[in-house]
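Here is the structure we will look at.
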Amino acid sequence: MNNSKIWLSSPHMGGSERNYVNEAFETNWVAPLGPNVNGFEADLEKYLGSTVHVGALSSGTAAIHLGLVLLGVQAGDAVICQSMTFSASANPILYLGAAPVFVDSEEDTWNLCPLVLEEAILDSINKGKKPKAIIAVHLYGMPFKVDEIKAIAEKYQIPILEDSAEALGSTYKGQQCGTFGTIGVLSFNGNKIITTSGGGAIVTPTKELKDKAVFLATQARDNAAHYQHSEVGYNYRMSNICAGIGRGQMEVLDAHVTLRRKMNDFYKELFQDIEGITVFDAPNTDYVSNHWLTAIVVDSAKTNGITSEKIRLALEKENIESRPLWKPMHLQPVFENYSYYGKNVAQNLFESGLCLPSGSNLTDEDRLRIKKVFLELLKL
Ligand SMILES: *Cc1c(COP(=O)(O)O)cnc(C)c1O
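Shown next, in the form of structure tokens:
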């Protein structure tokens, strides 16, 4: 058996990406604007299926930053953020000089716990700092409890910034993730379900808001021949080359979702009779995850002491990448001075969970190699 590296999630080209990129070269649209940017945005709008508008940006992080700017977040404001997430969900809060308020996860979706969210909002209000926004994440592609979270956001009139960076192609009650927030965010980084090599998008309910995002993303130039600026601008627009890759990737997005979901089925079958290893899956049929990454939780009391770390090392020895779950933000040194609400749901998940190779480009041989490691480790 060959021993080439099996990645957690690596880029998977469909084939026609190069055509769009070549066209950009042939027409000299080698710039952060052009037909591929417009075409990619139109493809995404069509895919997301409701009446949203999409602005293609240089990264998902840039989209979160601009999203917070559009929601009026300023220095000194409080912004609620799911603690269990990738740091890019929270870093833009600090870019703006605002203060994150971290909220724990619940067990069903591993995302924002509605009860703790309300507790955090009420306590912040009592302290005279009503949160300016709620950053809610669909972790690993699993939709958060949309109805419950939206009801709380509406009750307290706080906008939701929906971090759908990991959830393009996931749905909740039949509606695409990315379309639930006051503002939505997508990412096309190299490891995401589709990639533009690096990129992101902002999803807005109105064309005005999208236009404002694009205005800010292109240095906030006022309408004048000379360069005139009344607002702070950013250089966050997507390159027309990258957008060409994105257009090709859109042609295979649904196929990639199917393949990622098949990887999840593979793991469910592999572990179905194994005591102590649980594959993370949707709580009910309202939630359809793209299963960007498949994660397991290991109860080492039931696996003869085999921990998630032992599994990670055994896989690594066979040149197979796996990764602990996102370490919650409230446990990160960079965020240690900010407040946190919750118990230890996210922390417990972090300590016992592991993400397994989940790419849409994995082969039968790859799956065999992964399976072999588990069969040997668990002495089956
Ligand atoms: C990847 C990711 C981002 C950031 O996207 P980039 O395009 O890498 O900047 C934000 N939030 C989450 C949850 C992510 O996984």
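Number 555 in the working numbering belongs to position 226 of the sequence shown; there are no gaps in the numbering.
Using N, Cα and C, we set each Cβ at its ideal position, and we do this for glycine too.
Everything numeric in this text was worked out from a predicted model, so none of it was measured.
Check: If we ignore side chains and look at the alpha-carbon of each, how far apart do residue 468 and residue 514 end up?
Finding: 13 Å
Notebook entry, point to check: Looking at C-alpha atoms only, which residue of 565, 497, 447 and 548 is the closest neighbour of residue 433?
Noted result: 447
Check: So is the beta-carbon of residue 406 under 6 Å away from any non-hydrogen atom of ligand 1?
Finding: no
Note to self: Between the region 614 to 633 and the region 687 to 699, can you find at least three pairs of beta-carbon atoms closer than 8 Å?
What the structure shows: yes
Notebook entry, point to check: Would you say the region 636 to 656 touches the region 670 to 681, given that touching needs at least three Cβ pairs under 8 Å?
Noted result: yes
Check: If you check the beta carbons only, do residue 460 and residue 422 fall under 7 Å apart?
Finding: no
Note to self: Restricting to runs no shorter than 4 residues, where is the alpha helix (DSSP H) found entirely within the region 634 to 677?
What the structure shows: 637 to 646
Check: Is it buried or exposed for residue 583, if we count other Cβ within 10 angstroms and need 16 for buried?
Finding: exposed
Item checked: residue 445 at chain B interface by Cβ criterion, 7 Å -> The structure shown has no chain B; it contains just one protein chain.
Next item on the list: Just tell me which of 331, 337 and 613 has its CA closest to the CA of residue 652.
Entry: 337
Next item on the list: Kindly indicate the opening and closing residues of the alpha helix (DSSP H) around residue 583.
Entry: 582 to 599
Next item on the list: With hydrogens ignored, establish whether the beta-carbon of residue 525 is closer than 6 Å to any heavy atom of ligand 1.
Entry: no
Check: Does the region 535 to 549 come close enough to the region 485 to 498 to have 3 or more Cβ pairs within less than 8 Å?
Finding: no
Notebook entry, point to check: Can the beta-carbon of residue 507 be found closer than 7 Å to that of residue 532?
Noted result: yes
Checklist line | Of the residues 439, 601 and 405, the one placed nearest residue 412, counting alpha carbons only | finding: 439
Next item on the list: Would you tell me roughly how many angstroms separate the C-alpha atoms of residue 481 and residue 454, rounded to the nearest one?
Entry: 14 Å
Next item on the list: Mark residue 602 as exposed unless 16 or more other C-beta atoms lie within 10 angstroms of its C-beta, in which case mark it buried.
Entry: exposed
Note to self: Using 8 Å as the cut-off, can you tell me whether the region 652 to 666 makes contact with the region 562 to 575, which would need three or more C-beta pairs spanning the two stretches below that distance?
What the structure shows: no
Notebook entry, point to check: Does DSSP put residue 390 in a helix, a strand or coil?
Noted result: helix
Item checked: Endpoints, beta strand (DSSP E) assigned at residue 466 -> 462 to 466
Next item on the list: Could you work out which residue in 608, 649, 552 and 530 is closest to residue 383 when comparing CA atoms only?
Entry: 530
Margin query: Helix, strand or coil, according to DSSP, for residue 578 in the structure here?
Written below: helix
Next item on the list: Please indicate yes or no: does the CB of residue 414 lie closer than 6 Å to some heavy atom of ligand 1?
Entry: yes
Note to self: ligand 1 and residue 339: does the residue's C-beta get closer than 6 Å to at least one heavy atom of that ligand?
What the structure shows: no
Check: So residue 546 is in the alpha helix (DSSP H); what residue range does that whole segment cover?
Finding: 536 to 546
Next item on the list: Note down the Cα distance separating residue 617 from residue 570, rounded to an integer number of angstroms.
Entry: 32 Å
Notebook entry, point to check: residue 573 and residue 376: beta carbons closer than 7 Å?
Noted result: no
Item checked: Own chain, CB closer than 7 Å to residue 399, minus 5 neighbours either side, in chain order -> 512, 538, 541 and 542
Next item on the list: Rounded to whole angstroms, what's the CA-CA distance from residue 631 to residue 604? Just pull it up for me.
Entry: 6 Å
Margin query: Quick check: does the Cβ of residue 420 come within less than 6 Å of any heavy atom belonging to ligand 1?
Written below: no
Item checked: Buried versus exposed, by CB contacts within 10 Å (16 or more), residue 359 -> exposed
Next item on the list: Would you mind listing the beta strand (DSSP E) stretches within the region 336 to 383 that are 3+ residues and don't spill past its ends, in chain order?
Entry: none
Margin query: For residue 577 and residue 648, what's the separation of their Cα atoms in angstroms?
Written below: 30 Å
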